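Chains as they are written, first to last, in the numbering used here: chain E, 279 to 915; chain F, 279 to 915.
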């Protein structure tokens, strides 16, 4: 309206701003927004790497210099990176609210909320059954003993005619039957044959809970499940208290072999589980005694230590376990503080280094039901890898160390409130921007934050491909301390602990070894069955990295193979999910055993080629850059 | 030779004497022997009641005034009672040595030595199986876990492919396999399905023992069995230490209901069994840990107390047990000090007052394999009675009290060394003669001694049919003491304890009540199924009366029905024998369960007629003398 626009200029309208603005042709959308007074976040400093500045071009002509981080669907919908997109005509641009960007960037690739399996019906699919039975009281005409009276009623009610009971349970039976006037609720586990009695209680008893437990070398996770609805009603996760006795399974095994080390480790993991069990029970407002079953997953060393089985042979060639398929046990026998006669089902494993966490993980991925060739990578303290489909399964394990779980890293932590979960570094100033779980001050780095940080440091030249610091940079962020060079992400003022949060050379070495072990593992596994990684249909990633694992950055550091992002899916803790499914559903439980039997285990330590592959992968992203074309491209932008 | 013989005199030659003697016609053989200087024992004072003076008339004519105690076979062989047989011609008489008489008098009617069942072969009939298995050690080509490796070897060796093991056992497995270089001996129990692992040990391990245990209310009996040969290698028997907490099951049940009474009784019976187990092991020179199974019999109250099951409902109408068929248990769980994973098989019972002691007893009698109608009477603190054949079985119980086990009687004791086991009283002098187990000084009376004593006192008029003392007798043996009248059998000089051993009026009342309860029991049981006692083919008597139970005297006091002696058989402790058979042979074990199911239980307490029958039987031998024709005859001689 009477205002003049320069020649070769274009009109830009932002949906969040009342007035259109004029810019010269070739202006970046980001600069245009700034001119209009609109703040668009550019955590990576406008280098087109973080994807957080995505906007939607509603109409008009633009040129995208980079489409990193945008999927085909994003492009079809008109998304463009504000920092990388040039205005080449009059355009209308909408700026999504930041949380919408976050959601778009992460939800596809992170763990979905736990969903109750479709069609779940406790009465039909549960391993745990509960029946209400009413008996005629004994009389001079019917002097049947208490136990037989109960069994007869149970047979009439639900066809069960044998039931294993312990002496303790038989001792309590008579009083329970009489106190409840011969009408009781009977809970039993049908996983074994004959089924095991868990409890006899008042017929009014309705609550029935279960635990899905994942014992990681570093992290123990407990889910409290309402067995009637199938819903997960509370979750807890914390470090495995054993961690003070060694960070990886090998040091734990060595510790277990000394004096009472095994018993000490058993007590520590029990404390870890029992503490979290109390926490979830308090949170949900239930009594631990209503928990009638715990389904436990974990690597073979962890399950051995939990059960007090000697783990020594796991460590020594030829690396065998004491038992891969533990029997169904009693909570009191194991030491879990749930119903004392609750059952403890430790899921079956395959080998010393491919445990129940992996069989449960494979179950939870559903890969056994798919014809697609799937690569499943579980990144924990050990990296376990499974390749296969409905037809075949091969597996191997490699020792990654706990770096991705935040342990073995100076300021590492689990993916809890206060963890830095994503970092961007400005390519010019080398100033970082970061995102903290739960907002507020930072406390340390979780796995996804470390992956993100290392990728950014590499791409912005803070470290070179060997992880060596570039000490010529003019920034107070890179400095030398007693233990060598480090990069400060968060100054003391913004940290909860009041100290600078930095990543050190040692931390980076640990992360490189971890990612190299995993990369070498799946490469060799694919080689062993003659499958080209490029022909893998899906890559499913399990592990407790944190909520917002970033595929791009995981590829950039060479942790994941360089392939189209749409083939990746992050599943979170697949082990506890598999335990959850096995807890709920007897067919799922049978499937885990079937998976354990079906897997072919490749022993990497028997193979010199592992060492070679590992060494080659100890670089960012890899010594062989031809394996990482998109990263190579990003390095040259 | 030149010697003259008086007219109407006869020549008598004794085989033990060089010279013939001449006696007048009508001389008793006993008097002739005395004349020849030959000592023939006449413990009953020559009244023809004890049978100990039996001699054999090789040739010549005699007249037997009484043939009591002599069987048809005895008579056919020429036996005659020296005190009752008149010489009526020239005779040749042989005098058997006393021990030969004892054997003839007792062996037919007392417990035979324990015989290993014919055709016993541990490998085929045992519930316990032991296999030696050799495995290939694990290698990089075979990383099978320890437990599966053992199971696979076991399947190859003996077709067993599932085995239940406890966590403890799995914890020890790896070290055992490696210490024994993958060649081990595996012991398991096949009574349950799947079988239970008992032990894994060196392949050189050969000894394998079992226990047969009978827990009586008064007496606990333990047999140590070599499971390979099937032989009983040591026996022990002693009072149940619970006896200090009540003499019968009812007082025990009441005691168990007070504070920690149940736990105290459990501990006491465990101590009883464990003490005897140590004793038999020491005697046989074996380690208790080589005992891999204990098969336990006992009445229902005893098995409940052993297992810590509350016995209260046994005592209260409608008299039901907690459990009649206990599951197979683990020794450590029960508290038996044998191999900690040894199995404890508590045999099945029928009802509150017909327990495993009776099902085991019926098994040991073999009556289920016979078409004859058999009456089986087990005389313990409770009297349990079974009537039946291969086709049918009925049973009942009556409370006899512990008198026949030597408890509840002033100088009562178990049938051990020093026990007076048989008594004869001279009908004229009322002086007693008695026989002591093991010889030497006397300590007290065992069950058979008491039966014998009461019968003699009755027949010689020391007491009347109500058990009242005849205080007019001129003998120092009958006297009054603080607690009333008593009869002294053994003066202090001949007693180990240095005190007179007498039987009191209270003792006699207890014995009368005990025998009346048993007599009433089997009479009513026979009535209930319309069987006339006279038509019963066999009467089998179990119980720990002592070694030389005397049928005649048991009939004389009215404990047993008055019928031909040849129909009676004394079997000793049938309960421990049944446990022994069930321990050895899985078919026998199955038969016990089948017997428990087949028995029809008659509840006497539901029946007023019991009280009437009991009251009528509270006399010697009974109010209705027509039921005891031979006793009536003896009373009039």
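Even glycine gets a Cβ: it sits at the ideal position worked out from N, Cα and C.
Being a predicted model, the structure only gives us computed values, none of them experimental.
In terms of residue numbering, what span does the beta strand (DSSP E) encompassing residue i cover?
{"i": "residue 656(F)", "result": "652-657"}
{"i": "residue 501(F)", "result": "497-504"}
{"i": "residue 474(F)", "result": "474-480"}
{"i": "residue 831(F)", "result": "Unbroken run through residue 831(F) is the alpha helix (DSSP H), 829-834; no beta strand (DSSP E)."}
{"i": "residue 412(E)", "result": "406-412"}
{"i": "residue 370(F)", "result": "369-372"}
{"i": "residue 858(E)", "result": "Element bounds for residue 858(E): not the beta strand (DSSP E) but the alpha helix (DSSP H), 852-862."}
{"i": "residue 820(F)", "result": "816-820"}
{"i": "residue 488(F)", "result": "487-493"}
{"i": "residue 592(F)", "result": "Counting along the chain, residue 592(F) falls outside any beta strand (DSSP E), though it belongs to the alpha helix (DSSP H) covering 590-593."}
With a cut-off of 8 Å, does the C-beta of residue i fall near any C-beta of chain E?
{"i": "residue 586(F)", "result": "yes"}
{"i": "residue 596(F)", "result": "yes"}
{"i": "residue 453(F)", "result": "yes"}
{"i": "residue 445(F)", "result": "yes"}
{"i": "residue 583(F)", "result": "no"}
{"i": "residue 449(F)", "result": "yes"}
{"i": "residue 806(F)", "result": "no"}
{"i": "residue 382(F)", "result": "Caution is warranted here: a pLDDT of 44 is assigned to residue 382(F), below 50, making its placement in the model unreliable, and the coordinate value is therefore given only provisionally. No, its Cβ sits nowhere closer than 8 Å to a Cβ of chain E."}
{"i": "residue 744(F)", "result": "no"}
{"i": "residue 677(F)", "result": "no"}
{"i": "residue 591(F)", "result": "yes"}
Assuming residue i is part of the alpha helix (DSSP H), what are its boundary residues?
{"i": "residue 615(E)", "result": "Residue 615(E) -> no alpha helix (DSSP H), and no H or E assigned at all."}
{"i": "residue 402(E)", "result": "400-403"}
{"i": "residue 513(F)", "result": "Where residue 513(F) is concerned, there is no enclosing alpha helix (DSSP H), although the beta strand (DSSP E) it sits in stretches over 510-517."}
{"i": "residue 788(F)", "result": "783-806"}
{"i": "residue 719(F)", "result": "From DSSP, residue 719(F) is part of no alpha helix (DSSP H); its letter is neither H nor E."}
Under a CB-based cut-off of 8 Å, is residue i close to chain A?
{"i": "residue 618(F)", "result": "Reference to chain A is not applicable here, since the protein chains of this structure are E and F."}
Three-state secondary structure (DSSP) at residue i?
{"i": "residue 535(F)", "result": "coil"}
{"i": "residue 897(E)", "result": "coil"}
{"i": "residue 769(F)", "result": "coil"}
{"i": "residue 291(E)", "result": "strand"}
{"i": "residue 687(E)", "result": "coil"}
{"i": "residue 647(F)", "result": "helix"}
{"i": "residue 383(F)", "result": "Reliability fails at residue 383(F), whose pLDDT of 43 lies under 50, so the model's placement of it is uncertain and no value is given."}
{"i": "residue 734(E)", "result": "helix"}
{"i": "residue 577(F)", "result": "coil"}
{"i": "residue 889(F)", "result": "helix"}
{"i": "residue 670(F)", "result": "coil"}
{"i": "residue 743(F)", "result": "coil"}
{"i": "residue 390(E)", "result": "With a pLDDT of only 44 at residue 390(E), under the threshold of 50, the placement of this residue in the model should not be trusted; the figure read from the coordinates follows. Here residue 390(E) sits in coil by DSSP."}
{"i": "residue 430(E)", "result": "helix"}
{"i": "residue 351(F)", "result": "helix"}
Could you tell me how far apart the beta carbons of residue i and residue j are, in whole angstroms, since I believe they sit closer than 8 Å?
{"i": "residue 491(E)", "j": "residue 879(E)", "result": "No, residue 491(E) and residue 879(E) are not in contact; Cβ-Cβ is about 24 Å, not under 8 Å."}
{"i": "residue 487(F)", "j": "residue 551(F)", "result": "Going by Cβ atoms, the distance from residue 487(F) to residue 551(F) rounds to 15 Å, so no, they are not a contact pair."}
{"i": "residue 416(E)", "j": "residue 626(F)", "result": "Wrong, their Cβ atoms sit about 18 Å apart, outside the cutoff."}
Quick one: is residue i near chain F, going by C-beta distance under 8 Å?
{"i": "residue 872(E)", "result": "no"}
{"i": "residue 723(E)", "result": "no"}
{"i": "residue 542(E)", "result": "no"}
{"i": "residue 530(E)", "result": "no"}
{"i": "residue 887(E)", "result": "no"}
{"i": "residue 476(E)", "result": "no"}
* Near-chain F residues of the stretch 598-630 of chain E (beta-carbon distance less than 8 Å), N- to C-terminal order -> 598, 599, 600, 601, 602, 603, 604, 605, 607, 611, 612, 629 and 630
* To do: Give, in chain order, every residue of the stretch 416-442 of chain E whose Cβ lies closer than 9 Å to some Cβ of chain F.
  => 416, 417, 418, 419, 420, 421, 422, 423, 424, 425, 426, 427 and 442
* Note down, in chain order, all residues in the stretch 505-530 of chain E with a beta-carbon under 8 Å from any beta-carbon belonging to chain F. => Listed by position along the chain: nothing, the set is empty.
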